[in-house]
Amino acid sequence: MLMSRKLYQIAYEDKQDPQVFTVVSVLEIFMKSVFAGVCVTDEKANYSHYVIWPLLDTIIAIVDELKFHLGLSRRNIRSNMHYKSDGCISTLIDGVHIELMLLEVSGPFKLDDESRFVKNHVKTGYGLVTMLNEIAYTYKVASFDVFTSVRIFFLHAKKNKLQFWSFEMHSPDLYVLNLLNSVVIPDKCASCELPVESLCIKL
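Last residue of the sequence shown? That's 233 in the working numbering, and every number before it is there in order.
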């Protein structure tokens with residue numbers, strides 16, 4: 031494959047650039063999974079293992095102090111509230127464990143099930159409220175004005191898309207969930223919009 035040969039020619043030194051590393055890593059993930067016909071449309075576990083988790087691992091690799099945790103049942107220590115997710119990205123701030131983003135994978139690649147999408151969206155909303163409340167308890171001496179500047183995130187893999195949402199509290203008891211970006215995961219090389227040609231020419 032032409033794209034594969036071009037990616038192979040990119041030198042190790044060039045891959046130290048975070049932008050180059052990210053583009054190359056994402057394309058390699060697609061070539062080894064979606065483009066190669068791996069069974070990502072059969073099971074949610076396959077889609078998560080071959081596509082979603084490697085994509086998040088790429089982000090973790092280029093951003094310091096982040097950790098990716100696979101799906102768990104989590105408990106808000108202070109309020110004893112429980113919630114589940116397919117994954118979570120967290121960090122340490124002054125030695126305190128803070129969860130920044132929840133992952134929800136609504137079935138295998140290309141599954142079209144609106145009822146499942148809505149159910150997962152509502153479930154994640156509950157988890158986001160719990161996460162934000164945990165941050166508020168952790169930094170309870172901070173002013174509310176400071177707290178309104180805090181945002182956490184939600185990555186939703188549904189059908190053939192990745193949707194990236196932010197979640198914050200604008201005023202007491204008013205939470206806002208905002209769609210920041212939505213991208214289509216290509217199912218073949220020809221439909222891939224990542225700038226691999228210009229990247230390889232530049233290098």
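All residues carry an ideal CB built from backbone N, CA and C; glycine is no exception. Being a predicted model, the structure only gives us computed values, none of them experimental.
{"Item": "Check whether the region 168-178 touches the region 141-159, counting contact only when three or more Cβ pairs, one atom from each stretch, lie closer than 8 Å.", "Value": "no"}
{"Item": "If you compare alpha carbons, which of L204, E198 and H186 is closest to R146?", "Value": "H186"}
{"Item": "Who are the Cβ neighbours of S136 in its own chain at under 6 Å, not counting the five residues just before and after it?", "Value": "R146, F147, N150 and K188"}
{"Item": "For W195, which residues of its own chain have a beta-carbon under 6 Å away from its beta-carbon, when the five flanking residues on both sides are left out?", "Value": "F184, L207 and L209"}
{"Item": "To the nearest angstrom, how far is it from the Cα of F65 to the Cα of S55?", "Value": "14 Å"}
{"Item": "Compute the Euclidean distance between the alpha carbons of C69 and Y77, then round it to the nearest angstrom.", "Value": "8 Å"}
{"Item": "For my contact list, I182 and L130 are in at a C-beta cut-off of 8 Å; report their separation, rounded to the angstrom.", "Value": "6 Å"}
{"Item": "Assuming A187 is part of the beta strand (DSSP E), what are its boundary residues?", "Value": "I182 to K188"}
{"Item": "Where do the ends of the alpha helix (DSSP H) carrying F174 lie?", "Value": "F174 to F177"}
{"Item": "Could you give the DSSP three-state label for G125: helix, strand or coil?", "Value": "coil"}
{"Item": "Alpha carbon to alpha carbon, how far is A75 from P84?", "Value": "13 Å"}
{"Item": "Closest by CA to Y169, which one among E134, V126 and L141?", "Value": "V126"}
{"Item": "Measuring only the C-alpha atoms, how far is H112 from I165?", "Value": "15 Å"}
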